[in-house]
Amino acid sequence: MAGTIEIRVLARDDDRSGFSCGQRDLDRYFQHYAGQNQFKFRLAVSYVALVEAKIVGFATIAASSIERDSLPSARLRKRLPAYPLPVLRLARLGVDSRAQGLGVGKALMRHVLALAVEQRDRLGCVGVVTDAKPEAASFYRGLGFVPIENVHEGLLHGEPQPMFLPIDTVAAAIGT
Ligand SMILES: CC(C)(COP(=O)(O)OP(=O)(O)OC[C@H]1O[C@@H](n2cnc3c(N)ncnc32)[C@H](O)[C@@H]1OP(=O)(O)O)[C@@H](O)C(=O)NCCC(=O)NCCS
-3 MAGTIEIRVL ARDDDRSGFS CGQRDLDRYF QHYAGQNQFK FRLAVSYVAL VEAKIVGFAT
57 IAASSIERDS LPSARLRKRL PAYPLPVLRL ARLGVDSRAQ GLGVGKALMR HVLALAVEQR
117 DRLGCVGVVT DAKPEAASFY RGLGFVPIEN VHEGLLHGEP QPMFLPIDTV AAAIGT
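When we follow the working numbering, the leftmost residue of the sequence shown carries the number -3, and every step to the right adds one.
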């Protein structure tokens, strides 16, 4: 990609108005809700990727938890206690259409995975969870995420697929 990718926390005065990743709900979230969720309600933090001082992508993360029985790994279900387990939730991820396919998504994910390792060391974290849109599920599978089975019914067509990446895999992926 031309120019290096800088990743930092969203600032109050960042211009988000022109962002467009091709998914209206994600654009709307980033333009209208990412700021208040971060600065007013303290629900989540968004990280932005910039190239030549222009925002080309964002990832929103939040602290969350997962029930042991939802973990898609028999080994982990056997080893871990039966109470809600700390995870980092990747709540939203979007790369501007004009910058897709150039490594921005991968750079944002690398940053998010490094934050999961930091959470592991400071607060505890058994992995990263996300709700993958059907068209992005293979992007996450490529990073090692595995589907969290819906214990009730199968997914409806077009519904997001919950996915999980164990912290050991996270650490191996970023070489820590
Ligand atoms: C999915 C998305 C975040 C990927 O970001 P990106 O910057 O285009 O991806 P990158 O250029 O970093 O690609 C990283 C790798 O993922 C692959 N990839 C990218 N998009 C993919 C997709 N939709 N499905 C499968 N693989 C994908 C690339 O081929 C690349 O593979 P490589 O490392 O083997 O070369 C981006 O395309 C996007 O914002 N899409 C629209 C919104 C969306 O679907 N967000 C996810 C919501 S859950």
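Ideal Cβ placement from N, Cα and C applies to all residues, glycine included.
Note that the segment -1 to 10 touches the segment 31 to 50; at least 3 beta-carbon pairs, one per stretch, sit closer than 8 Å. The straight-line gap separating the alpha-carbon atoms of S66 and A168 is approximately 22 Å.
By the CB criterion at 7 Å, I144 and P158 fall inside the cutoff. Inter-segment contact for the segment 97 to 109 and the segment 48 to 56 is present: three or more beta-carbon pairs are separated by less than 8 Å. Counting only runs of 3 or more residues that sit fully inside the segment 82 to 142, the beta strand (DSSP E) segments are 123 to 128, in chain order.
The three-state reading of DSSP puts L6 in coil, since its state is none of H, G, I, E or B. The C-beta distance from L161 to V122 rounds to 10 Å, too long to meet the 8 Å contact threshold. G31 has its CB no nearer than 6 Å to any heavy atom of ligand 1. Segment contact: the segment 108 to 127 against the segment 79 to 96, three or more CB-CB distances shorter than 8 Å; contact assigned.
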